[in-house]
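Trainee: Counting from 1, one number per residue, gives the positions in the sequence shown under this note's numbering.
We put the CB at the ideal spot given by N, CA and C, even for glycine.
Just so it is clear, the structure is predicted and the values come from calculations on it, not from any experiment.
Got a structure here, written out as structure tokens. Questions coming.
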Amino acid sequence: MNDSHTVDLGARAYPVYFRTHAREELGARLAALASHHRLVVVTDTTVDALHGDALREALASEGVSPTFLVVPSGEGSKSVEQASRLWDAALSAGIDRRTPVVGFGGGVVGDLAGFVASTLLRGLPFVQVPTTLMAQVDASVGGKTALDHALGKNLIGTFHQPRFVFIDTGYLETLDERQRRSGLAEVLKHAAIAEPALLDAVTDPGVRAGDAVALRGIVERAVRIKAAIVVADERETGLRMVLNFGHTLGHALEAAAAGALTHGEAVSLGMVAALRLSERRAGLSPAASARVEDALAAVGLPTDWGRRLDAAARQHLGHDKKSRGDRLSVVLLQALGEPAVVPIPLSEYIETLTALAAENARKTP
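Rendered as structure tokens:
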């Protein structure tokens, strides 16, 4: 395993550090970036209770007294209201344009903290310290920030690349099994679109058991896939859209479930639907489709997407941020590792999925 990887965006290039149990190094790196020992850490109540004191101690040993801004855990914190509260608190703390903002938590915290950093004083330095598997393999790399809107997820946001990303798989030891499985959905997505051999690595017993060292290996591989795509298409005008494999329906199912599905569970369901559509529209072989679906099932992720395609999910599809007029940009697979972005009229997409769901229901005992 390598210790780091550079996301090569020219003048805005930044390192991603891969570590296990390295909070002292994290404290030193944050202190080196902090201006006048001033630092803002955005986290949530769960992460603060588990890891906040250790980070405070690591920073204190470097002479830094951070301002911790703690938001409630959960997707509801990706809101304009929470962003406004963080703006007020950060400005009241006396920040300047060199004050780093650290997103210390999962994907919700990273998205929210990044958005706040990108908008305060026209842009503050930002650092990602992801503490969930989902955030480590996906959300922490690439510079996307976001808030949710009543009409859908991530509809308000910016691109704001971090100064560095510090991935410590030791944090994953405090994740419950459901959250680890949820993160594995994104790893399997990376495998399906770019590195099919990773499908087998994810089902390794150590990975499934949550071993920090075993997880570090797949995290590194997933991040390198994500970083290569980001470098090729930073602003998601072309190639980067392939990272949305499974997300078109996944986001709609997640929104319709109103908290009953994790993001990874919703993406898993969306990927299986995309596999079925890929067989029909892009020439994906049933054997290749089954290989991905079997890997999802092997790690305990749901695959029964058809029964969740209800009126609420269909309504949320109409607000997909990747739509162009009445067309959705849907990521399909021509073969494993060969994704393609296919524009499909919304009505046709829903009709096809409905037919595929009915067909699948007839086959299921």
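1) Going by beta carbon distance, what residues of the same chain come within less than 7 Å of Ser-77, once the five residues before and after it are set aside?
2) Are the region 22-37 and the region 161-172 touching, with three or more C-beta to C-beta distances below 8 Å?
3) Using CA atoms only, rank isn't needed, just tell me which of Gly-63, Gly-337, Arg-308 is closest to Ala-282.
4) Measuring straight from C-alpha to C-alpha, what distance separates Gly-170 and Arg-216?
5) On a Cα-Cα basis, can you pick out the residue from Leu-239, Val-7, Glu-351 that is closest to Leu-277?
6) Could you check where the beta strand (DSSP E) with Gly-103 kicks off and where it finishes?
7) Could you pull the start and end residues of the alpha helix (DSSP H) that Gly-142 belongs to?
8) In angstroms with no decimal places, state the Cα-to-Cα distance between Gln-334 and Arg-85.
9) So Ala-150 is in the beta strand (DSSP E); what residue range does that whole segment cover?
10) Measuring CB to CB, does His-160 end up less than 7 Å from Phe-104?
11) On the DSSP letters alone, give me the boundaries of the beta strand (DSSP E) that Gln-82 sits inside.
12) Expressed to the nearest angstrom, what Euclidean distance is found between the alpha-carbon atoms of Leu-269 and Asp-8?
13) Would Leu-426 pass as a contact of Leu-332 if the rule is Cβ separation under 7 Å?
14) Taking Cβ positions, are Val-272 and Glu-293 nearer each other than 7 Å?
15) Alpha carbon to alpha carbon, how far is Thr-262 from Gly-142?
16) Can at least three beta-carbon pairs, one atom from the region 301-317 and one from the region 250-258, be found at a separation below 8 Å?
17) Any contact of the region 133-151 with the region 169-185, i.e. 3+ C-beta pairs under 8 Å?
18) What is the rounded straight-line gap between the Cα of Arg-98 and the Cα of Ala-34?
19) Please classify Phe-245: does DSSP put it in a helix, a strand, or coil?
20) Return the CA-CA distance between His-316 and Thr-158, expressed in angstroms with no decimal places.
21) Buried or exposed for Ser-118, going by 16 or more other Cβ atoms inside 10 Å?
22) Return the chain-ordered list of same chain residues with a C-beta closer than 7 Å to the C-beta of Gly-318, the five sequence neighbours on each side being excluded.
23) Please confirm whether Leu-239 and Ala-232 have their CB atoms less than 7 Å apart.
24) Quick one: measure Cβ to Cβ for Leu-198 and Ile-229, integer angstroms, because I've assumed they're closer than 8 Å.
25) Can you give me the start and stop residues for the beta strand (DSSP E) that Thr-131 sits inside?
26) What is the residue span of the alpha helix (DSSP H) that Arg-23 lies within?
27) Glu-338 by DSSP, collapsed to three states: which one?
28) Applying the 10 Å Cβ sphere with the 16-neighbour rule, what's the burial state of Ser-140?
29) Would you mind reading off the limits of the beta strand (DSSP E) that contains Asp-44?
30) With DSSP run on the structure shown, which of helix, strand or coil describes Thr-352?
31) Using C-beta distances below 8 Å, list every residue in its chain close to Lys-226, excluding the 5 sequence neighbours before and after it, in chain order.
32) Is it buried or exposed, Glu-57, if we count other Cβ atoms within 10 angstroms and call 16 or more buried?
Mentor: This is what the structure gives:
1) Asp-44, Val-71, Val-108, Leu-112
2) yes
3) Gly-337
4) 9 Å
5) Glu-351
6) 101-105
7) Where Gly-142 is concerned, there is no enclosing alpha helix (DSSP H), given that its DSSP letter is neither H nor E.
8) 46 Å
9) Here Ala-150 belongs to no beta strand (DSSP E), and DSSP marks it neither H nor E.
10) no
11) Taken as a continuous stretch (DSSP letters only), Gln-82 belongs to no beta strand (DSSP E), being part of the alpha helix (DSSP H) at 80-92.
12) 33 Å
13) Lying outside 1 to 365, the shown extent of the chain, residue 426 is not represented and no answer is given.
14) yes
15) 21 Å
16) yes
17) yes
18) 8 Å
19) coil
20) 22 Å
21) buried
22) Leu-346
23) yes
24) Contact flag wrong, Cβ pair sits at about 14 Å.
25) Unbroken run through Thr-131: none, as it is neither H nor E.
26) 23-33
27) strand
28) buried
29) 40-44
30) helix
31) Val-137, Asp-138, Val-141, Gly-142, His-190, Leu-243
32) exposed
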